[in-house]
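Input: a single structure, listed below in structure tokens.
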Amino acid sequence: MNTKFIAAYEPQGTTPDLRLVNGSVRAARSSELLIRVVATGICHTDLIFATWPANQIPYPKVLGHEGAGVVVEAGPGVTKARPGDFVLLSFHSCQNCHDCKEDHPSFCSKFVEINYGGEDATYTAEGNDLRGNFFGQSSFAELAVVKETSVVNVTNIIKTEEELKLFAPMGCGFQTGAATVENVARANEKDRVAVIGLGGVGLVSIMVRNYVRKHEEQADIFQTAKMQACETIIGIDRVPERLDLAKALGATHVINTSDENIDMQEEIKKVTDGRGSSITIDTTGNMGLIKAGLEATSNRGQLIFIGVPPLDAMMDLHLVTFMQTGKVIRGTIEGDAIPDEYLPRMVQWYREGKLPIDKLISLYKFCKGDLASSTSTTGPKSIIVVIQTVTASTMEEAMSHGANPRRKRASKACVACRSRKVRCDVTHRPHQCTNCALDNIQCVVKDRRTKYRKRSPVVLEKQQRTQFRHSLQAILPKDPSSAVSDDMDTLNDPCLEPGHSVECGPESPSMCFEAVWDEPEISFPAERFIQGPTESRDKESEIFDMVLNQRKDSDFTVVSDSSRLHQTESKPAPNFDATMSGQSHIIYSYYSFLDLDISGLLPDDINYLEGQGCFRVPTPEALDEFVQEYFLHVHPALPLLDEAWFWTIYSRPARGRSNLSLFVFQAMLFTACSFLPFSTLKSLGFASVHNARNTYYRRSKLLFDLCSERNLVSSAQGALLLSYNGTMKDQKRTNSIWLSTAIHLAQAAGADQFHTSLNPSLTSVNELKRLWWCCIVRDRILPLGMRRQLHITSLDVAHTNYLPTEKDFWREIDGSQVYAPQTKRTLVRLFITLCELTVPLTDVIKIVYPTGRLTDIHSPVVHDAQKGRESLQSCEAGLEAWFERATIQFPTPAGIITREGSLVLYTNLLYIYYYAACFALYQHKAFIISQEQTKATSDLEQTKSKIEDAALGITENLKELIQLRLERFLPISIAAYIAVPLVLHILDVRLAKRPLQIAQKQGKLNVYVETMKTMQKLYDGVDDVWTFIRTAMDYATIQDAENETSSPNGSCIDAVGCLGSKSQLTKGNDYANDWGNVLVMEPILYFRLSRTIDHSLALGRYSEDSTLGHAAPHTRLPSPRLLTIDIGSPEQTVDDTACEHYKAPRADAKSPEVSQDQFSLGPQMLDDMHEFVHYDFGMDDMQAPIDFNRSERQAGETDVLIL
């Protein structure tokens, strides 16, 4: 039988792929009915199963499990209903297991299988079968095949189809809330009930508790609590409208959890005379709230959780303490109700006025193929959404008879809607109309032609800013595959059911499918709202407009109204992408919080800067993403701005005295764009992340060069952000240049003397203190990674107010828009701990890189061994003391202590800096020991062990980030920090002989390769680092026998370049099977390789270490093939025959060929070094590491997190 239905196809990421499909449904079989669905509720369970990974449940399928309809056909053996009967639809049960027979069908032994799994081939579309019978019904269809056990016949108590629509949510949500209070909690008038989460389930629970006992009848959780006449009914939520509705429905107290100063547990005890709630019901599934609810429950009380927690959620309990409280924890499904008995009773409660569910419901006609995305809008009548399914013929008939007033023609339409001749709502959604949002295309609006000449380019109309939400969409990229079929796109507005007038804004359920309110395991939460600015222009923007429109004889022209691009013939703008039109970037003066002094610029300079896009910033929706990502992923490591101050100016409606410099803001965009979803960057006209970073960097640099900031603090802040440019193009040390510039500007502003001010303004001192400590942090992280000298050589830590404290960040701890206060407080403590690390790092960098170069054999430190040892011991003690303090506050692995992604990220990053410092210090110590004429082998062995421990520490921290998919949030400096360890692990794999040994070492190598591959997609400078690594390996490897010569005395040069016939790396029992042994046995070889990388990073160009002049001219590491000689026996040495292959060939001699029998080849690594492509580090054929679950990561996956 032909029908229409909503089919859920395999999701791409976390966005459901829901499509309105024309197809057919099979006939009803035994114990089944064919139902014409007149309305269906939207439940979170539907949304969850529309986004579940395809490897766990099958697709495509038809969802929906809160249906109401009319029987069309009854299959054989059906006794519950006949054609024409009104029915409500609920869950399915087997009726044969012990629980079903004992009248507990919601605990059916087959509940998961028959309700969640459904059945194959219930629906058919385009020759493909789709699963149906979800919860025994699949109500997202005009016609549904329904199991008899899912049907509740309400013909005798419901008289019309219009009335039937109202009761659709009873089959799941309302039933669960009411029955939980009545059947599971068994609340009475003496109970103190707390309901956490005031959606439809929670509100109905409150209603029921206030009446049932009084009237000897029973009813949902909030309304149920009211019907049961409980002593105290507490509603808990973060949405004010829901709290108001809860009070209207019978709650005696409400608690708003959006107020971070309110402790839910304490508030519950306060309103219950310190006893706590005797019944606590959680509808959220949030583990934090469940735990808090358990703490707030009184002795002998019970915690009942209805909301489904994460599948891997665990709760730790101290059993003895828990036993002494007498508390009970219970879970329940569907309120342990029997639908055939319970749903009719609820209908009766509604008729008697005890269960006013109409206050919770918004009813929409099914005018579009898109489905309601959320039951959590803030309107008081938007708690439960019911979609009425209507056939196309019915809809056309209603429209032709004028059932709905004819709407006026839209005053403006985008190009796409105009070409398709469909209604466009771009006047209400200026950034992107609904149709373009659904089709995931750019929404372009072209003004109609006019006979009047426009005086100036026109910017987009003002709109309210996108609100940050605690949802997946605030973290994960939007999926372009989520679209709706075109046959319903002509109906662009919801058709409200008469009698249910609800405002249909951009978030109306029938307008879009945008928010999925499920928290990811690790997320970066955005907990507050952001309001947008209104149109405001002052002196600078007026000057800008005047200059842009003056002089008819100037070379400046407007290319087009739609693109808003401005160029001059004399100064072309090759780097300004033509696709970055006025639809994606707008003039900075559109925003009231941005400021730029251009009054001193010449018109030509202004034209040039505008042609380069320097005055343009992203449109509001994209800008919200930029600032969110900045404060999520850049600000915690470099808190230059007071975040609370930023949100204040960002959300104010008019321009004020305090504004943010456009130069600083462009630099913020530059640092943040690496973390944005590529779909957002693409919508702004960028071809890649690299393209976006280069564009915003160029704009920032031009503003710095031409619009010299009068505010030294702003100039220093912007310059410091630009030090994140790690490219070494044209052998320039760009990052160090910007760092030096920022430090000089900060000193000129007096930031270095912030602690000595006599009459300081608290705000200005805090600003200077932030700036100076950010300079110090960057001046430690960058030189340590890039092997360069310090700019700030002394710290006045003895001064009382010098080190930053938590007090310095108190405003932004409570004022953050992207982190909860507790998370923000921990991030602040991490930054303070990083500042404390800069103290021992100062001494380390002074010793290891005193002049920006490595210590060489002529250094005084090498010759004065005693003084060198004392300095090294002092540095070691400083690092160890810091590490002991840090690990008490931030133990590792961080992922075991917290599930907050940001805390795991910055904790691991903190320890990577520490281990990198240890690695550099001990490697420096090993170099000094190796240069002593009387070499102490035992000292070198001990130092080798410490170097290995430091390298292992870096590996373990990186591995945890990769396992939790957080490596994409690492800063660019990490590429330099892991360069030498990466080289050494490559060497490690090649030195390994046994397969198990190779697999173990290769597992560690994969951690570094995975990190480099991820970072290479985000940052330009990673290519330079890899070039150094590849060239150094080429330099240290014998690639061709023709490059080697015999020694003067005629003896051959062996595989490692040492004179003689025996290799030091393979002699006797001292076989060098890892890079640590190479350090001990052949330190010159080790340092020739590692110091080449160090020198190259320091200089910003490839440079070999020339200080090891006493090394043999032919000293090299073995080639890849030679590394695997004699794999069967470590004791076996290279014989004379093999050695002869490396004698210098005669001019007339042919190069000897090495047979496969002579060399045992391991996994290919360096053999293809010259064949690596730009995006391939040559590691694709590596074996999977045994200690790293690679299967957990999907190919090509680029996620956010968020904690």
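Okay, so the sequence shown: first residue is 1 according to full-length UniProt numbering, each after it adds one. All residues carry an ideal CB built from backbone N, CA and C; glycine is no exception.
By a C-beta neighbour count over all protein chains shown, 10 Å radius and 16 as the cutoff for buried, is residue i buried or exposed?
| i | result |
| --- | --- |
| Met314 | exposed |
| Thr284 | buried |
| His318 | exposed |
| residue 1221 | Nothing in the structure corresponds to residue 1221, since the chain is present only between 1 and 1203. |
| Ser24 | exposed |
| Lys270 | exposed |
| Val112 | exposed |
| Arg990 | buried |
| Gly127 | exposed |
| Asn261 | exposed |
| Ser150 | buried |
| Ala886 | buried |
| Phe305 | buried |
| Leu952 | exposed |
Sort the options by Cα distance to residue i and report the nearest one.
| i | options | result |
| --- | --- | --- |
| Asn440 | Thr892, Asp949, Ala886, Thr15 | Thr15 |
| Ser902 | Phe919, Arg788, Gly67, Arg829 | Arg829 |
| Ala1098 | Arg787, Gly199, Phe686, Val152 | Arg787 |
| Ile157 | Ser298, Gln348, Ile338, Phe174 | Gln348 |
| Met728 | Glu241, Ser764, Ser973 | Ser973 |
| Pro356 | Phe167, Ile268, Asn256, Asp316 | Phe167 |
| Glu876 | Val904, Trp52, Phe919, Thr892 | Phe919 |
| Ser419 | His1095, Val444, Pro677 | Val444 |
| His755 | Arg770, Gly75, His744, Pro1083 | Arg770 |
| Cys614 | Tyr630, Ala248, Leu669, Ser205 | Leu669 |
| Leu640 | Leu203, Lys807, Leu198, Val777 | Val777 |
| Tyr123 | Asn153, Glu162, Leu63, Val71 | Leu63 |
| Gly750 | Asn735, Leu768, Glu956, Ile737 | Leu768 |
Using the three-state DSSP reduction, which class does residue i fall into: helix, strand or coil?
| i | result |
| --- | --- |
| Arg829 | helix |
| Phe86 | strand |
| Gly307 | coil |
| Lys80 | coil |
| Glu142 | coil |
| His318 | coil |
| Phe615 | coil |
| Phe883 | helix |
| Glu189 | coil |
| Ala74 | strand |
| Leu34 | strand |
| Gln1016 | helix |
| Ile586 | strand |
| Pro971 | coil |
| Phe91 | coil |
| Glu341 | helix |
| Glu66 | coil |
| Phe686 | coil |
| Gly173 | helix |
| Gly1003 | helix |
Could you please give the first and the last residue of the uninterrupted beta strand (DSSP E) stretch that includes residue i?
| i | result |
| --- | --- |
| Ser930 | Per DSSP, Ser930 belongs to no beta strand (DSSP E); it is in the alpha helix (DSSP H), 901-931. |
| Arg131 | 128-132 |
| Thr232 | 232-237 |
Looking at the unbroken alpha helix (DSSP H) that takes in residue i, where does it start and where does it end?
| i | result |
| --- | --- |
| Ile48 | 44-50 |
| Pro677 | Element bounds for Pro677: n/a, residue is neither H nor E. |
| Arg420 | 415-420 |
| Ala292 | 287-296 |
Query - Every unbroken alpha helix (DSSP H) within the stretch 241-284, with a cutoff of 4 residues, ordered by chain - result: 264-271
* To do: Starting from the N-terminal side, write out each stretch of the alpha helix (DSSP H) that is 4 residues or longer and does not extend beyond the stretch 710-749.
  => Runs of the alpha helix (DSSP H) lying entirely within the stretch 710-749 and spanning at least 4 residues, in chain order: 712-722, 734-748.
Quiz item: Considering only residues of the stretch 748-805, which uninterrupted beta strand (DSSP E) runs meet the minimum length of 3 residues and lie entirely inside it, listed in chain order?
Solution: Unbroken beta strand (DSSP E) stretches of 3 residues or longer found wholly inside the stretch 748-805: none.
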